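In our numbering, the protein residues as written are 72 to 703.
For each residue, glycine too, the CB sits at the ideal point set by N, CA and C.
Computed from a predicted structure; not experimentally measured.
Since the structure comes first, as structure tokens, the remarks are kept for the end.
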């Protein structure tokens, strides 16, 4: 997929600044920014490094930007950078000189035109190394003098660094600077050391998200060189200390070659990384690390659909080794391993089954771990996750916890707790038992499967053909967390009542390979009428009490809407599977158009439930890409 924009979009800051590009290093680090060149997020920068021990759960921002200034033969100097300041001022306004932006073979490229002079910039990362290369090239006109101001920091990617503290420690070298003994900037032009704060750089997206929007950047120095004729270039590389030296233009060309080889798999490739312990999956850029649920939902699309069978085998082995009390970890992003999930382990059973269709030996190798999963879920494990001995269905729930994928909390209180017997959890339970029973009929899985399947078929269907979202919920009147939450406060036009609405979780009861129910066209059409948008499926129907049509605002406002109407593109995967079983078509043109509108070449985490369904959340999300890739 080649994406190209002309001056009409590039010079319009409202359009260019909301379209984001991403290049990755295969380790969890990245470079990321906008078409316009404006840094709109605290996460934007040219060198974001994953921790060498903890991986993408802990990233740090180093090189923030390279601000180019072109001096023409007439002596006129033109600044090509773009910054927004704390008072709202835009200065400089280099986006107004952009002629084109394109993303081809995974390489973002800008061209600025100043009369007869055209300057080009390309950015790429080395695969498997924390290093970024930036090349500025004279395309036409000249000669010109080019200076590149090196602006940076060294901080946690989720925070800010300001002049209230000391500047980043730096040591000048012959060709650049070493910062905090953590990363090095090198260039093939004259280096002029500086040393001053640029105060009050504003990130408009953080302001919109209710977070601290301002930081200060340190001006380490600048590169200066002369470009006499078209084709001449100045290259700058930023890399973690200890990384090998490679010319910037070589890095760009190697990345271009790799992008061509990947072809349509480039979007998926951004999420598959190598950590010190083996392969893993980044759930989303720029702020997520690795999450067990996201990894297992994404497994088919990222590994099997793209032919990464060997890496997938290694990943599943590694995840199996982390099982504890029959449970897969939810995440380590918080600093410690957390197991607060009722469905990640069941998605793991699904991923192993899908992989074993191509590689049966892996299932046999993991047979003891799979047995442990079923045993612990049968007897009972953390968070009251336990098979009901009466009907064979799985129940789950613990005060203050939201254990399904609808896991948002506001002020520590679950928004969509779904305690009890959730339809998606039990569809996955039936599906997992069926796959195990088919592979090892002598191990007693068939009896567990048949009882759970019969109970599911008897209990979950509603009179209208749709399914209950949760059965056997705890008595809400006795719950200690039944206080008014921000997401429950009424708003103009909100209906008051007890309509539970329609949720998409029931799709798994029809879509999975060993689904407990056979879909029928009319109920599926009814569900689509309630939930389907061009960007994916709403998490709650608009007619329901508590529906929130916009996923915007402060963290509490966003979390309150996260699963209360917000659209999730990853659900198009289960919908496509269910619809295919009954001969219904699902149009994917909305997602294809979206790939040029937010996270370029990728699919976002979420979108507003209300039209125009603007994209929200992470611009680059693993399960959104994986599931839309898998079914197309």
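For residue 137 and residue 200, the gap between their C-alpha atoms comes out near 20 Å. By the Cβ rule, the segment 185-195 does not count as touching the segment 75-86, because fewer than three pairs are nearer than 8 Å. For residue 282, the CB contacts under 8 Å within the same chain, skipping 5 residues up- and downstream, are 113, 626 in chain order. Counting C-beta atoms within 10 angstroms of its own C-beta, residue 263 has fewer than 16 neighbours from the protein chains shown and is therefore classed as exposed. Pairing residue 542 with residue 519 gives a Cβ-Cβ distance that is not under 7 Å. Within the same chain, Cβ atoms closer than 7 Å to the Cβ of residue 336 are found at 377, the five residues on either side in sequence being excluded. Checking the DSSP bridge columns, you'll see residue 227 partnered with 131.
Judged by pairs of C-beta atoms under 8 Å, the segment 570-578 does not touch the segment 519-528, as fewer than three such pairs exist.
In the three-state reduction of the DSSP assignment, residue 545 falls in the coil class.
DSSP places residue 103 in the uninterrupted beta strand (DSSP E) bounded by 101-105.
The shortest C-alpha to C-alpha distance from residue 676 to any of 118, 353, 537, 460 is the one to 353.
In the DSSP assignment, residue 181 falls within the unbroken beta strand (DSSP E) covering 178-185. The way I'd put it, the segment 358-368 does touch the segment 395-410; three or more beta-carbon pairs between them come closer than 8 Å.
The segment 251-265 makes no contact with the segment 142-149, as fewer than three CB pairs between them are under 8 Å. The criterion of a C-beta distance shorter than 7 Å is not satisfied by residue 592 and residue 536.
Judged by DSSP in its simplified three-state form, residue 606 adopts coil rather than helix or strand.
Using a Cβ-Cβ distance cut-off of 8 Å, the segment 301-309 and the segment 197-211 are in contact, since at least three pairs of beta carbons, one from each stretch, lie closer than that value.
For residue 196, the uninterrupted beta strand (DSSP E) segment begins and ends at 188-196. Each of 500, 491, 344 was checked against the Cα of residue 472, and the nearest Cα belongs to 491.
For residue 78, the closest of 171, 131, 607, 90 by C-alpha to C-alpha distance is 171. A check of alpha carbon separations from residue 323 across 132, 694, 192 identifies 192 as the nearest.
The DSSP-derived three-state label of residue 141 is strand. A residue is called buried when at least 16 other Cβ atoms come within 10 angstroms of its Cβ; residue 96 meets this threshold and is buried.
Counted as a single uninterrupted DSSP element, the beta strand (DSSP E) harbouring residue 254 occupies residues 254-258. Residue pairing of residue 467 in beta bridges, as defined by DSSP: 491. Annotation: residue 284 to residue 111 spans about 9 Å, alpha carbon to alpha carbon. With 16 or more other CB atoms across the displayed protein chains lying within 10 angstroms of its CB, residue 293 is buried. Non-local C-beta neighbours of residue 341 in its own chain, meaning closer than 6 Å and more than five positions away in sequence, comprise 95, ordered along the chain.
Residue burial annotation: residue 387 is buried, with at least 16 other C-beta atoms found within 10 angstroms of its C-beta.
In this structure, the CA atom of residue 445 is about 33 Å from the CA atom of residue 99. Around the C-beta of residue 120, 16 or more other C-beta atoms lie within 10 Å, and the residue is accordingly described as buried. Taking each of 396, 423, 425 in turn and checking the Cα distance to residue 412, the smallest one comes out for 396.
Per DSSP, reduced to three states, the secondary structure at residue 175 is strand.
Annotation: the continuous alpha helix (DSSP H) that includes residue 332 extends over 319-333. Residue 693 and residue 369 have their C-alpha atoms some 6 Å from each other.
DSSP places residue 584 in the coil class of the three-state scheme, outside both helix and strand.
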